[in-house]
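S.K.:
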Amino acid sequence: MTESTRLIDEPTSDELETSLLRIARSEGPSAASRQRILAGIAAAGAATASAELVHAAQVTKVAAKGLSAGVKWGLLGVVALALPTAVLLTRAGPAAPAAERAPLAALPAPLEAVPEAKRLLPVPAPTADTTAPVALEDLPALPMPAAASGAASGAKATTSLADEVAQLQKAKLALKSGNGRQALSELATYAQRFPRPLLGAEAGVVRIEALQATGDTLRAKSLAESFLARDPQSPYAARLRKLTGAR
Amino acid sequence: MAIDSARLTRVAQEHLDFVWRCLRRFGVPAADADDAAQQVFLVAANKLTSVPQDRERAFLFATAARIAANARRSIRRRQSAYDNFSHAPEEPSVSQDELSDQLRARTLLDQVMADMPEDLREVFVLFEIEEISIQDIAATLEIPVGTVGSRLRRARQAFQQAVTRHRARTGFKQGVAG
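Respectively, the protein sequence lines represent chains A and B.
Under the numbering used here, the first sequence is numbered contiguously, ending at residue 300.
Under the numbering used here, the second sequence is numbered contiguously, ending at residue 637.
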């Protein structure tokens, strides 16, 4: 082994090792994702280049109506990142500990605080009114972005992970007792109370289990397939495949 | 705070794939990688004016590493909280024939990289996957060239040992399609 030769080019390298490295090198965002990310970044830069960020919050509310969802959340992301840490962490909880290694001394700190579990892209696309009653079929399987006007509201800030877990536990208990319909009802409540859930994936799993329990196997399988397409390496993937027969 | 939107756009176009791959190799799930990549550049948007042009990639790498660390913590906390209040999810136990070779290989790659200590993983990702020179890695990480070399040797050993362990444990066949 020499340090100037890559492992992938070493004649003695194992075939599986080189295969993994080839895969790692070839990975990247899909073309659609790439376009969406770049559009959001470009719009964010353009929106803030000529104005102070504190004013960009107002601009965003107006401009976002005419922009694609991806662009809108990109703008919101920039505004959010520029706000004081206290505001940023109303949803994210305590600040993350410092990185393990020393920061690059010659550069500005890459990140003082990042709102964890914060989704900047539209997954799924937000509707005009996220507080409207949510049908069972519309329960989120992934965290959803909040409406622009509600992002910093006190109501959202007061919800906690424990509240989410407690509500989800109600659904689980109903499911365990064999009452799938009650579980779905609890999940509907969950969706209404937590439009930006931290446990969206877990709620999605419980919902699929509840649908299966009520005999709606087609719907359960359909949702499971959507879930698996979105996150094929989820720790719940095996369970969902086994439960619903989804691929 | 002034933002050079033209520079931000150029930096994003040049380095998006690099940032995305670094996030993945640092443990961000594929489903979250797009969001995390956008976060990296939104952080950069507010800092870029103070980053020299020849240090842009280094800055993005450091930012990606931190955002990936935050993402991993968030995922662990979310998983832990749910498990504490409910049943633990089953271990991933998908039978070999349920997944394509590609998906199995990606899963294995994630596991192998996750097993690698972070300081070794940084050097491994930059050298073996991103094909960056040892000198540039030393500059990026602000460590001596000799340290890069020693970490790379240990990283390769860790990578090869992890692959061997996984193969022994799972009967993973050689010849995964690349």
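From the three backbone atoms N, C-alpha and C, an ideal C-beta is built for every residue, glycine too.
Between Pro285/A and chain B, is there a C-beta pair that is closer than 8 Å?
M.R.: Yes, its Cβ sits closer than 8 Å to a Cβ of chain B.
S.K.: Excluding sequence positions up to five away, which residues of its chain have a Cβ less than 8 Å from the Cβ of Ser509/B?
M.R.: For Ser509/B, where only same-chain residues beyond five positions count, there are no Cβ hits under 8 Å.
S.K.: How many angstroms separate the CA atom of Glu255/A from the CA atom of Asp493/B?
M.R.: Between Glu255/A and Asp493/B, the C-alpha separation is close to 20 Å.
S.K.: Mind checking the segment 266-279 of chain A against chain B and listing, in chain order, the residues whose C-beta falls within less than 7 Å of any C-beta there?
M.R.: Listed by position, the residues of the segment 266-279 of chain A near chain B (Cβ gap below 7 Å) amount to none.
S.K.: Can you list, in chain order, the residues of the segment 240-258 of chain A whose Cβ is nearer than 9 Å to any Cβ on chain B?
M.R.: Here the close residues are Leu251, Leu252, Ala254, Glu255 and Val258.
S.K.: Determine the chain B residues that contact Arg234/A at a beta-carbon separation under 7 Å, and present them in chain order.
M.R.: Correct list: empty, because the minimum Cβ distance to chain B is about 19 Å.
S.K.: I'd like to know if Leu281/A contacts chain B, where contact means its C-beta is closer than 8 Å to some C-beta of that chain.
M.R.: Judged by the 8 Å Cβ criterion, Leu281/A is not in contact with chain B.
S.K.: If you measure from the beta carbon of Asp493/B to each beta carbon in chain A, is any gap under 8 Å?
M.R.: Interface residue, yes.
S.K.: To which residues of the same chain is Gln265/A closer than 7 Å at the C-beta, ignoring the five residues directly before and after it?
M.R.: For Gln265/A, where only same-chain residues beyond five positions count, the Cβ hits under 7 Å are Ala273, Leu296 and Thr297.
S.K.: Determine the direct distance from the alpha carbon of Arg514/B to that of Ser230/A, and round the result to whole angstroms.
M.R.: Looking at the two C-alpha atoms, the distance is approximately 59 Å.
S.K.: Please state whether the Cβ-Cβ distance between Ala517/B and Leu579/B is less than 8 Å.
M.R.: Result no, Cβ atoms of Ala517/B and Leu579/B do not sit closer than 8 Å.
S.K.: In chain A, what lies closer than 7 Å to Val582/B by C-beta?
M.R.: By Cβ distance, chain A contributes nothing, its closest Cβ being about 10 Å from Val582/B, past 7 Å.
S.K.: Buried or exposed for Arg483/B, going by 16 or more other Cβ atoms inside 10 Å?
M.R.: Its Cβ being crowded by 16 or more others within 10 Å, Arg483/B is buried.
S.K.: Within the chosen definition, does the segment 561-569 of chain B reach the segment 75-82 of chain A through at least 3 CB pairs nearer than 8 Å?
M.R.: Because the criterion of three Cβ pairs below 8 Å is met, the segment 561-569 of chain B and the segment 75-82 of chain A touch.
S.K.: Here's the rule: buried if 16 or more other CB atoms are within 10 angstroms of the residue's CB, otherwise exposed. What is Gln497/B?
M.R.: By the neighbour-count rule (16 or more Cβ atoms within 10 Å), Gln497/B is buried.
S.K.: What do you get for Leu585/B, buried or exposed, if any count of 16 or more other CB atoms within 10 angstroms of its CB means buried?
M.R.: Leu585/B is buried by the Cβ-count criterion.
S.K.: For the candidate residues Val487/B, Arg615/B and Pro488/B, whose alpha-carbon lies nearest to that of Lys61/A?
M.R.: Correcting the residue type first, residue 61/A is Ile in the shown sequence and not Lys. Here the closest residue by C-alpha is Arg615/B.
S.K.: If we count the other Cβ atoms within 10 Å of its Cβ and call it buried at 16 or more, is Pro250/A buried or exposed?
M.R.: By the 10 Å Cβ count, Pro250/A comes out buried.
S.K.: Between Ser486/B and the rest of its own chain, which residues show a CB-CB distance below 8 Å, the 5 nearest in sequence each way excluded?
M.R.: A small fix is needed here, since residue 486/B is Gly in this sequence, not Ser. Excluding positions up to five away in sequence, the list reads Ala527, Ala530, Arg531, Asp569, Met572 and Ala573.
S.K.: Are the C-beta atoms of Arg535/B and some chain A residue less than 8 Å apart?
M.R.: For Arg535/B, the answer is no, since every Cβ of chain A falls outside 8 Å of its Cβ.
S.K.: Give the interface partners of Gln646/B over in chain A, defined as CB-CB distance under 9 Å, in chain order.
M.R.: The structure shown does not extend to residue 646/B, since chain B is modelled only from 460 to 637, so the question has no answer here.
S.K.: Would you kindly work out how many angstroms separate the C-alpha atoms of Ala219/A and Thr267/A, rounded to a whole number?
M.R.: C-alpha separation (whole angstroms): 22 Å.
S.K.: Going along the chain, which residues of the segment 587-605 of chain B sit with their C-beta nearer than 7 Å to a C-beta in chain A?
M.R.: Those residues of the segment 587-605 of chain B that come within reach of chain A (Cβ to Cβ, closer than 7 Å) are Glu587, Ile588, Glu590, Ile593 and Glu601.
S.K.: Who are the Cβ neighbours of Trp479/B in its own chain at under 6 Å, not counting the five residues just before and after it?
M.R.: Closer than 6 Å at Cβ, skipping near neighbours: Ala492 and Ala496.
S.K.: So Ala277/A and Ile261/A are supposed to be a Cβ contact under 8 Å. How far apart are they, rounded?
M.R.: Sure, about 5 Å apart at Cβ, within 8 Å.
S.K.: Looking at Leu501/B and Ala85/A, is the spacing between their C-beta atoms short of 8 Å?
M.R.: No, they are not a contact pair.
S.K.: Give a yes or no on whether 8 Å exceeds the smallest Cβ distance from Arg469/B to chain A.
M.R.: Chain A contact via Cβ: absent.
S.K.: Kindly list, in the order they appear in chain B, the residues whose Cβ is closer than 9 Å to that of Ser301/A.
M.R.: Not covered by the structure: residue 301/A. The range shown for chain A is 54 to 300.
S.K.: Counting only Cβ pairs nearer than 7 Å, list the residues of chain B close to Gly81/A.
M.R.: Chain B residues near Gly81/A: Asp476, Trp479 and Arg480.
S.K.: Roughly how far, in whole angstroms, is the beta-carbon of Ala236/A from the beta-carbon of Val259/A, given that I think they are within contact range, below 8 Å?
M.R.: Between Val259/A and Ala236/A the Cβ distance is about 7 Å, and since that is below 8 Å, they are a contact.
S.K.: Would you verify that the beta carbon of Val487/B is, or is not, closer than 8 Å to some beta carbon of chain A?
M.R.: Output row for Val487/B: interface = no.
S.K.: Which chain A residues sit within Cβ distance under 8 Å of Val585/B?
M.R.: First, the amino acid is wrong: residue 585/B is Leu here, not Val. Per Cβ cutoff of 8 Å: no residues; Leu585/B is ~11 Å from chain A at best.
S.K.: Quick check: is the beta carbon of Arg563/B nearer than 8 Å to any beta carbon in chain A?
M.R.: Chain A, which has no Cβ nearer than 8 Å to the Cβ of Arg563/B, makes this no.
S.K.: Suppose the cutoff is 6 Å on Cβ atoms and the five residues either side in sequence are ignored; what does the same chain contact list for Thr522/B look like?
M.R.: Only Val499 and Val502 meet the Cβ criterion.
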